[in-house]
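Which chain is which? The protein sequence lines are A and B, in order.
When the count follows our numbering, it moves up by one through the first sequence with no breaks and lands on 205 for the last residue.
When the count follows our numbering, it moves up by one through the second sequence with no breaks and lands on 205 for the last residue.
One structure is given here, and the rest of the page talks about it.
Number of protein chains: 2
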Amino acid sequence: MEHTLPHTISLLSRTPAALDALLRDLPEAWTLRDEGENSWSAFDVVGHLIHGERTDWIPRARIILQFGETKAFEPFDRWAQERESQGKSLGQLLDEFARLRSENLGELHALNLRQEDLERRGRHPALGPVTLSQLLATWATHDLTHIHQISRIMAHQYRKAVGPWSAYLGVLQCAGHSAP
Amino acid sequence: MEHTLPHTISLLSRTPAALDALLRDLPEAWTLRDEGENSWSAFDVVGHLIHGERTDWIPRARIILQFGETKAFEPFDRWAQERESQGKSLGQLLDEFARLRSENLGELHALNLRQEDLERRGRHPALGPVTLSQLLATWATHDLTHIHQISRIMAHQYRKAVGPWSAYLGVLQCAGHSAP
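What follows is the structure, encoded as structure tokens:
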């Protein structure tokens with residue numbers, strides 16, 4: 026389907042509560058374990074989503090609106106959460122994600138974007154020209170890629186426990202294409 | 026990690042609220058679209074989870090406890106929701122799923138399972154011998170496989186909208202191994 030701002034906002038506004046309902050107060054055996062070397066836990070993913078709220082989506086939208094293609098976005102640091110999540114609990118991260126997402130949706134609303142704004146172009150440091158519409162659609166789809174990843178990380182912890190049923194559980198066949 | 030009843034219950038008890046937070050009142054463009062022929066929408070998946078609550082997990086646990094390996098489980102109808110969800114709204118399905126899950130967790134609690142019960146064996150019509158522990162671990166992992174699937178189904182709707190970012194979004198590379 027085509028990107029529309031209301032569809033994007035409807036998803037973006039739900040992700041914090043969905044992750045909260047899934048993860049808050051869940052035993053750490055689910056939330057702190059990863060899929061092996063160089064992979065993330067659910068805790069790490071929430072930290073990554075927070076870093077995106079701080080440095081990626083709205084800041085990049087502002088760069089497109091202000092500079093167009095003349096200024097490339099700052100590259101995104103995909104390991105920032107290792108530093109930024111230190112000493113925090115998952116509950117604190119879920120609170121922080123919800124607060125930042127809410128603030129960013131407020132900023133998005135305040136930008137008062139019209140259709141012609143959505144077609145404006147910016148420059149991604151690796152991908153080249155992209156539109157504001159594509160950036161906003163990616164914001165929502167990025168949430169989904171990490172819900173997809175979290176469900177896979179947690180399922181991995183029961184890989185042996187399910188015994189022969191592993192053959193029927195699609196999530197256990199997933200090769201981890203949404204790993205960092 | 027090993028299967029433990031508290032870990033399994035902690036996940037099973039959170040799934041209805043997580044799906045509710047993600048899906049309730051979301052535009053139908055997200056919830057009623059599928060991934061193409063012979064695939065499911067998020068609406069279909071919630072119907073499938075409901076059918077599992079009615080016919081799969083607790084009924085199979087009872088068969089193991091009562092008959093052991095002498096009686097195979099009834100095969101599971103993976104298309105039952107086509108019939109059973111007809112005429113219902115997604116909101117109704119989410120309510121029904123939450124209610125049935127809560128009832129089934131009550132039944133699970135009432136079974137008062139001990140470690141030796143978890144090691145009891147039953148017979149799956151296709152997979153052969155399975156333990157009660159494996160059945161319960163699969164119940165939780167089955168939730169995760171369908172959260173994984175729903176995030177993929179919804180991301181698919183923005184496959185074109187994200188433009189060149191599709192290369193970076195793992196969920197868009199997922200081949201659909203958790204499709205029905």
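Note that CB positions come from ideal geometry on N, CA and C, so glycine has one too.
By alpha-carbon positions, which one of the options ends up nearest to residue i?
i	options	result
GLY147 of chain A	A:ARG139, A:LEU160, A:ALA135	A:LEU160
ALA180 of chain A	B:ILE178, B:GLN174, B:MET179, B:ARG139	B:GLN174
LEU115 of chain B	B:SER66, B:GLN140, B:HIS134	B:SER66
ASP120 of chain B	B:ARG184, B:GLU60, B:GLU78	B:GLU78
HIS167 of chain B	A:TYR183, A:LEU74, A:GLY153	A:TYR183
HIS76 of chain B	B:PRO100, B:ALA192, B:TRP190, B:LEU138	B:PRO100
SER110 of chain A	A:PHE68, A:GLY61, A:THR56	A:PHE68
PHE98 of chain B	B:LEU133, B:HIS149, B:GLY61	B:HIS149
Please look up how many angstroms separate the CB atoms of residue i and residue j, rounded, as I've assumed it's under 8 angstroms.
i	j	result
LEU90 of chain B	ARG49 of chain B	At roughly 35 angstroms, the Cβ-Cβ gap does not stay under 8 angstroms, so LEU90 of chain B and ARG49 of chain B are not in contact.
LEU47 of chain A	ARG39 of chain B	5 angstroms
SER158 of chain A	LEU143 of chain A	4 angstroms
THR170 of chain B	VAL187 of chain A	With 8 angstroms as the limit, THR170 of chain B and VAL187 of chain A do not qualify as a contact, their Cβ atoms being about 10 angstroms apart.
ASP45 of chain B	ALA123 of chain B	7 angstroms
LEU57 of chain A	LEU130 of chain A	Actually they do not touch by this definition, with Cβ atoms about 29 angstroms apart.
May I have the straight-line CA-CA distance separating residue i from residue j, to the nearest angstrom?
i	j	result
LEU118 of chain A	VAL70 of chain A	10 angstroms
VAL155 of chain A	ALA86 of chain A	11 angstroms
ASN63 of chain A	HIS73 of chain A	14 angstroms
ASP59 of chain B	ARG103 of chain A	31 angstroms
CYS199 of chain B	GLU27 of chain A	21 angstroms
SER35 of chain A	ARG108 of chain B	29 angstroms
GLU53 of chain B	GLU141 of chain B	47 angstroms
THR29 of chain B	LEU51 of chain B	34 angstroms
LYS185 of chain A	ALA192 of chain A	11 angstroms
THR92 of chain A	LEU136 of chain A	It should be pointed out that residue 92 of chain A corresponds to Phe in this sequence rather than to Thr. Near 15 angstroms, if we compare the C-alpha coordinates of LEU136 of chain A and PHE92 of chain A.
PRO189 of chain B	LEU152 of chain B	42 angstroms
PRO41 of chain B	LYS96 of chain B	31 angstroms
LEU138 of chain B	PRO31 of chain B	11 angstroms
LEU125 of chain A	GLY112 of chain B	38 angstroms
ILE88 of chain B	TRP55 of chain A	29 angstroms
GLU94 of chain A	ALA43 of chain A	35 angstroms
ILE172 of chain B	LEU194 of chain A	12 angstroms
PRO205 of chain B	GLY61 of chain B	Confidence in PRO205 of chain B is poor, its pLDDT being 42 and thus under 50, which makes the residue's placement unreliable; the coordinate value appears in the next sentence. Roughly 12 angstroms separates the two Cα atoms.
With DSSP as the reference, please indicate the residues paired to residue i in a beta bridge.
i	result
VAL155 of chain B	B:GLY147
ALA97 of chain A	A:ARG148
Indicate, with yes or no, if the ligand MG has a heavy atom lying under 7 angstroms from the CB of residue i.
i	result
ILE88 of chain A	By its list of ligands, the structure shown contains no ligand whatsoever, and the ligand MG lies outside what it can speak to.
Three Cβ pairs or more, each shorter than 8 angstroms: is that satisfied between the region 160–171 of chain B and the region 73–86 of chain B? yes
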